[in-house]
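Here's the structure we're looking at; comments come further down.
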Amino acid sequence: MNKILLIIKREYLSRVKKKSFIIMTFLTPLIIAGFYGLIIYFSIKGINDKTDTVAVVNQNKTLTEKLTSNKNVTFEYVNQSFESLKKNLSKSKYDYVLLLPDFDVDTPNGIQLIGTKQAGLSLDGKISDSIEDLIRDYKLKKSGISQADLDNLKSKVTIDTKKIADTGQEENSSAGASTIIAFVAGVMMFMFIMLYGVQVMRGVIEEKTSRIIEIMISSVKPFQLMMGKIIGIAMVGLTQFLLWIVLTFSISALAVGVFISKDDAKKIVASSSKVSTGNLAAQQIQAAAMNDGPLGNVKKSIENLDFGKIITVFIFYFLGGYLFYSALYASIGSAVDSETETQQFMMPVMMPLLLGYALSLSVVTNDPYGSVAFWLSMIPFTSPIAMVVRLPYGVPGWELALSMCILVVGFIGTVWFAARIYRVGILMYGKKASFKEMIKWFWYKS
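Under my numbering, think of the first position of the sequence shown as 11, with each following residue one higher.
Right under this line is the structure:
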C-alpha cells in the first residue's frame, strides 16, 4: 500500500507542478467564459443588427393585406415585374425579391424568394410564418370575424411548469434550465474522461519506451504501478475540476455583480424623483415582473435544483467513469510501443463512451425517464454520462444507488481485467500487439 501511495504522490506532484497545468487551470474558465460570451454577443448582435429588405411582387388577387415588416425583415411592395427585378437585383437596394403568385389560399404553391445570396434559415422561416399568418387572417376574416376580434384571438401563453417531488410537495421546474445543465454536465463528463484517460495511456507509453518501467518494476508490482498511476492522475483531474468550479463561480459572481450594479444605478436614477411610497410600489411591481413569466420560472427552477447533490454525484461518476476507462487505457498503453499503434485499440474503447455521449444529449434529454435513459444510466460503459445528464430532471434514489453500485462493480472488474494484460504487456518490446495477443496475455499465469 505504501508503494502505491508513493506512486500516487509522484504522479500527482509531477503533473500539478507543471506550468502548463497551472496556466490552463486558471485560464480555462476565462477562455470558456470568453468563448461563450463572444458567441452570445455576436449571435445577439447579428440578430439585432441584421435587416433584410425584401421587394414583394404581389400577383395574388386574394391576399390584399400586406406583409408586416419587423426589425429584421422589411417588406416593400413594388409595381415592377418579377423578371425585371431579378435582372437588376444586384444593382437595386433590395436584398431579395419575393413573388406571391395568384395561388389558391388552400394550396399556396409557386411562392419564390430570390436573392443574390442564399437566404438563411432564419429569414426563410420568418417569411414563411408571415405568409402563413396573412393567409390565416384572410380565412378568419372571410368567415366573418372582424379585425378587432382577430386581434383579440392572439394571446401570449406562459406555462408555469411544476413537478411533484418525492416528499409530495410541488416544486418549480423548467425544461430549459434542466436541459442546459444536463448538456453542460454531459459535455464536461465526456471531456474529462477522455482527457485524463488518454493521459494515463500516454504516461504508460512514455515510461515503457524510455525503459524507466524496467527499473520501476524491479521495486513494485505491475498492479501497484498501474493503480498508482490511475489514482494519481485521477487526483490531478479532480483538483483541476474543483478549481474550475471555484473559479467559474467566482467569475460568474463578479460578472453578475457588475451587471447588477449597473441596473441598480439605473433604478436609483429612475426612482430619484419619486416619493418613498411610490418607490416601494415600483419595487414590488418590478419584483413581480422579474419573478413571473418564463425567465422567472427558469430562475425559480434553478433555485430549487440541489447543486450540492449534482456536484457530488458528478464527482462520483467522474471518478467512477475515469477509473473504469483509464484501466482500459492503461492496458492499451502497456500493449504498444508508440502512440501511433494505439488507434486500432482506441476505437473499441471509445465507441461505448461516444454512444453514451450521443444518446445522452439526444434521447435522454428528450425522455429522461424512458427505458433507453434507464439502461444507459445503468450500464457502466455509458452510465457516467447518462446519469449526470438525467440528474437535473430528477432521478429516483433507488436508480441512482443501483447505478452507482453497478459502476463500482464494473470498475473493479475492469481493473482486474486490465491488470492481467498490463502485467505482461508492460515488458513486451518489439512485438506488434493485437487483440488475439492480448487475450493470450490475459490467460498467462503469474
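Glycine included, each C-beta is placed from N, C-alpha and C at the ideal position.
If you're wondering where the values come from, they're calculated on a predicted model, not measured in any experiment.
Taking C-beta atoms under 8 Å as the contact rule, Ser-370 and Ala-396 qualify, at a distance of about 5 Å.
The three-state reading of DSSP puts Leu-73 in coil, since its state is none of H, G, I, E or B. In terms of Cβ geometry, Leu-365 and Thr-35 do not form a close pair [threshold 9 Å].
For Tyr-439, there is no enclosing alpha helix (DSSP H), as DSSP gives it neither H nor E. By DSSP's assignment, Glu-86 forms a beta bridge with Ala-65. For the 9 Å CB-CB criterion, Tyr-432 and Gly-242 do not form a contact. Per the C-alpha coordinates, the member of Lys-27, Leu-150, Val-230 positioned closest to Leu-16 is Val-230. Between Lys-239 and Ala-345, the C-beta gap is not smaller than 9 Å, which leaves the two residues out of contact. In this structure Gly-120 touches Pro-111 by the C-beta definition: roughly 4 Å separates them, less than 8 Å. By the neighbour-count criterion, in which a residue is buried when 16 or more other Cβ atoms sit within 10 angstroms of its Cβ, Phe-45 is exposed.
Rounded to the nearest whole angstrom, the CA to CA distance from Met-199 to Leu-77 is 48 Å. It is roughly 6 Å from the alpha-carbon of Trp-451 to the alpha-carbon of Val-434. For Ile-124, the enclosing beta strand (DSSP E) has its first and last residue at 122-125. Note: Val-107 is bridge-paired with Ala-65, Ile-124 in the DSSP secondary-structure output. The beta carbon of Val-214 is closer than 6 Å to those of Ala-340, Gly-343, Ser-344 in its chain, skipping five residues each way along the sequence. In its chain, beyond the 5 residues on either side, Val-64, Val-66, Leu-123 have a beta carbon closer than 6 Å to the beta carbon of Leu-108. Shown here for Val-419: not one same chain residue has a beta carbon closer than 6 Å to its own, the five before and five after excluded. In the three-state reduction of the DSSP assignment, Asp-114 falls in the strand class, which pools E and B. Collapsing the DSSP output to three states places Thr-392 in coil. In the three-state scheme derived from DSSP, where H, G and I count as helix and E and B as strand, Ile-155 is classed as coil.
For Val-230, there is no enclosing alpha helix (DSSP H), as DSSP marks it with neither H nor E. Closest in C-alpha terms to Ser-220, from the list Ala-368, Leu-73, Ser-348, comes Ser-348. Judged by beta-carbon spacing, Phe-251 lies beyond the 9 Å limit of Phe-334, meaning their Cβ atoms are not closer than that value.
Tyr-106 is the residue among Ser-140, Asp-134, Tyr-106 whose C-alpha sits nearest the C-alpha of Lys-127.
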